[in-house]
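**Student:** Heads up: the sequence shown at position 112 corresponds to 236 in the numbering used here, and the numbers run straight through without jumps.
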Amino acid sequence: ELADIGVLGLAVMGANLARNAARKGFGVAVFNRHGARTDELISQYGSEGRFHPAKEIADFVAAIARPRPIIIMVKAGKPVDEVIEELIPHLDEGDIIIDGGNSLFTDTNRRFHYLTEKKLRFIGMGVSGGEEGALEGPSMMPGGTLEAYSRIEPIVTKMAAQVDGEPCCTYIGTEGSGHFVKMVHNGIEYADMQLITEAYDLFKTVYGLDAKTISDIFAEWNKGELNSYLIEITAAVLAKVDSTGKPLVDSIVDEAEQKGTGRWTAQSALDLGIPLTSITEAVFARALSARRAGRAEAEKLLPHAPVAARKPSPADIEAIRQALFASKIIAYAQGFEQLSVASAQFGWKLKLDELATIWRGGCIIRARFLNRIREAYKAGGGASNLVLEDYFRDAVLKAEPAWREVVGLAVASGIPVPAFSSSLAYYDGLRRARGPANLLQGLRDYFGAHTYARLDKPGKFHTRWAQDGEEVQVSS
Ligand code: NBP
125 ELADIGVLGL
135 AVMGANLARN
145 AARKGFGVAV
155 FNRHGARTDE
165 LISQYGSEGR
175 FHPAKEIADF
185 VAAIARPRPI
195 IIMVKAGKPV
205 DEVIEELIPH
215 LDEGDIIIDG
225 GNSLFTDTNR
235 RFHYLTEKKL
245 RFIGMGVSGG
255 EEGALEGPSM
265 MPGGTLEAYS
275 RIEPIVTKMA
285 AQVDGEPCCT
295 YIGTEGSGHF
305 VKMVHNGIEY
315 ADMQLITEAY
325 DLFKTVYGLD
335 AKTISDIFAE
345 WNKGELNSYL
355 IEITAAVLAK
365 VDSTGKPLVD
375 SIVDEAEQKG
385 TGRWTAQSAL
395 DLGIPLTSIT
405 EAVFARALSA
415 RRAGRAEAEK
425 LLPHAPVAAR
435 KPSPADIEAI
445 RQALFASKII
455 AYAQGFEQLS
465 VASAQFGWKL
475 KLDELATIWR
485 GGCIIRARFL
495 NRIREAYKAG
505 GGASNLVLED
515 YFRDAVLKAE
525 PAWREVVGLA
535 VASGIPVPAF
545 SSSLAYYDGL
555 RRARGPANLL
565 QGLRDYFGAH
575 TYARLDKPGK
585 FHTRWAQDGE
595 EVQVSS
């Protein structure tokens, strides 16, 4: 009997996806470049289902029922191209290569067209949820042709996490749209985590709270509108005591690493002209954190007075919660605007309510309030910005005084809160019908004759600043 699906690449993610499919009753052909990983998977978990282990790529392909769906789960970048080239000679028309890694969407666009020319099918599928998600049910974001998706739908919708009886997997759109959506998901994850660390910093540095006390605050927050996986695991990480009997978090080096998806999200936002401030600040914050030696040096040369820690009142704690919630709404609003603009620009026809739906489970940013985002977009998503939808509008208006107070406190205390403060700045910029860019246009016209529009009449104008100072109309 042939396997229903193949999984190539059996590091943590691939092995867990293969086990997931096998546990759901599918026959799974498995292959890894170095066979030791294949042996390990079979010896440890072979009894979980119908595995077809292969040591040669030809045997691996031959073990799968046609048209063959093959998930490749290898390191993003060159390895994906190498694996595709190794597979091609063994494949038949209509077979489907599914790249489940964190590939850059422009690479996926290229591979999609390349394989289509070869009469093969390609699906770029974002998979979120880390290793646990891969095993228990991830959120999956497959992009490619709808008919290729139809072939794998019965398998992937069963492998995915389920929320309220709905799978956290749906057809996203053509080309690299699945990986684009996964990329923005990861960007939002960056912003979410940055906001959490800023709240933690305020509690720790301004209020002098210990890790256990802060853990309790996050655990409490997780019961309300902030309820989410990341808030839940923040409480767990802060509560962890290591073998020395002290909070583990106090011994972890304050240097963040990054693999690239946050940076790609910010780069794409720059290309598309989206004011994606929260996610971008989160990427920058990681970059600054990584300069540990430089920060230690600067602290000596630019000393700051110690913050006089005082115990927070319940109102102080609530203010930080509200600032976090409002900033989080901004981060999501910006991320969804990026999805919406990219969809229009690339012709992907993304369904934003469905994205919110499949992010409710399995993935790292799963959160109660995604239900609200889904409702907002399902209802037609009339407003141009998520912040203007009733639920979110009410929430930011309610949080606004606390949000300002918290950002003010951080600034006065010398504690950086780039995601809190840039979200507030975005909010303040968004809700202003007239900003200061009139002066900017004047400056641009002065030095570069870039022209400007006027409030009182149509057309484009230029002032001959350095000559006679006269204004001329340059177009109607
Ligand atoms: P890695 O990203 O660490 O990749 C290791 C796998 O790639 C191994 O199976 C390795 O084979 C294979 N590989 C490499 Br490297 N070069 C290869 C080549 N030229 N030909 C064939 N195979 C090659 O694995 P991972 O952490 O399981 O992640 C897989 C993908 O999933 C990545 O794109 C990652 O970004 C994405 N992802 C990861 C997570 C997570 O939580 N880790 C979450 C979501 C998505 P070998 O064993 O023979 O060296």
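Using N, Cα and C, we set each Cβ at its ideal position, and we do this for glycine too.
(1) Using 9 Å as the threshold, is the C-beta distance between Gly268 and Ile195 below it?
(2) Let me check one thing: in DSSP terms, what residues is Met264 bridge-paired to?
(3) Measuring from the CB of His574, is there a heavy atom of the ligand NBP at a distance below 8 Å?
(4) Report whether the distance from the Cβ of Ser352 to the nearest heavy atom of the ligand NBP is below 8 Å.
(5) So is the beta-carbon of His624 under 8 Å away from any non-hydrogen atom of the ligand NBP?
(6) Beta strand (DSSP E) containing Lys336: first to last residue?
(7) Based on the DSSP secondary-structure assignment, which residues constitute the bridge partners of His176?
(8) Could you spell out where the alpha helix (DSSP H) holding Glu595 opens and where it closes?
(9) So, are the CB atoms of Glu461 and Ile398 less than 9 Å apart?
(10) Nearest by alpha-carbon distance to Lys306: which of Glu299, Met265, Thr281 is it?
(11) Are the beta-carbon atoms of Cys292 and Trp483 separated by less than 9 Å?
(12) Going by alpha carbons, who is nearest to Val330 out of Ala417, Gly173, Gly297, Ile441?
(13) Taking DSSP as the reference, what is the three-state secondary structure of Glu286?
(14) Go ahead and label Asn156 buried or exposed: buried means 16 or more other beta carbons lie within 10 angstroms of its beta carbon, across all protein chains shown.
(15) Taking the straight line between their C-alpha atoms, what separation do you get for Tyr550 and Ile212?
(16) Gly593: which of Phe585, Ser599, Ser600 sits nearest, CA to CA?
(17) In the DSSP output, which residue or residues are listed as bridge partners for Thr587?
(18) For Leu554, which of helix, strand or coil comes out of DSSP?
(19) Can at least three beta-carbon pairs, one atom from the stretch 372-389 and one from the stretch 445-454, be found at a separation below 8 Å?
(20) According to DSSP, is Ala411 helix, strand or coil?
(21) Quick check: the Cα distance between Gly159 and Leu165, rounded to an integer number of angstroms?
(22) Compute every distance between the C-beta of Val207 and the non-hydrogen atoms of the ligand NBP, then say whether any falls below 8 Å.
(23) Determine the burial state of Ala590: buried for a count of at least 16 other Cβ atoms within 10 Å of its Cβ, exposed for fewer.
(24) Would you report the Cα separation of Glu255 and Asp580, rounded to the nearest angstrom?
(25) Buried or exposed: which applies to Phe150, given that a residue is buried once 16 or more other Cβ atoms fall within 10 Å of its Cβ?
(26) Are the stretch 314-329 and the stretch 287-303 touching, with three or more C-beta to C-beta distances below 8 Å?
(27) Less than 9 Å between the C-beta atoms of Thr389 and Ile376, yes or no?
(28) Hey, could you find the ends of the alpha helix (DSSP H) Pro438 is sitting in?
(29) Tell me the DSSP secondary structure of Ile181 in three-state form.
(30) Could you tell me if Val365 is buried or exposed, where buried requires 16 or more neighbouring beta carbons within 10 angstroms of its beta carbon?
(31) Tell me, to the nearest whole angstrom, how far the beta carbon of Thr232 is from that of His303; I am working on the premise that it is less than 8 Å.
(32) Hey, quick one: how far does the beta strand (DSSP E) through Gly159 stretch, first residue to last?
(33) If we call anything under 9 Å between Cβ atoms a contact, is Gly138 one with Val198?
(34) Given Phe493, which residues of its chain have a CB within under 7 Å of its CB, disregarding the five upstream and five downstream residues?
(35) So, does the stretch 280-289 touch the stretch 345-360, judging by three or more C-beta pairs under 8 Å?
**Tutor:** Judging by the given coordinates:
(1) no
(2) Val251, Cys293
(3) no
(4) no
(5) Because residue 624 is not part of the residues shown, which for the chain are 125 to 600, the question remains open.
(6) It is not in any beta strand (DSSP E) - Lys336 instead sits in the alpha helix (DSSP H) that spans 335-345.
(7) Ala153
(8) Premise fails: Glu595 lies in the beta strand (DSSP E), 595-599, not in any alpha helix (DSSP H).
(9) yes
(10) Met265
(11) yes
(12) Ile441
(13) Rather than Glu, the amino acid found at residue 286 in this sequence is Gln. Of the three classes helix, strand and coil, the one that applies to Gln286 here is strand, per DSSP.
(14) buried
(15) 48 Å
(16) Phe585
(17) Glu595
(18) helix
(19) no
(20) helix
(21) 10 Å
(22) yes
(23) exposed
(24) 59 Å
(25) buried
(26) no
(27) no
(28) 438-470
(29) helix
(30) exposed
(31) 5 Å
(32) Element bounds for Gly159: not the beta strand (DSSP E) but the alpha helix (DSSP H), 159-169.
(33) yes
(34) Glu349
(35) no
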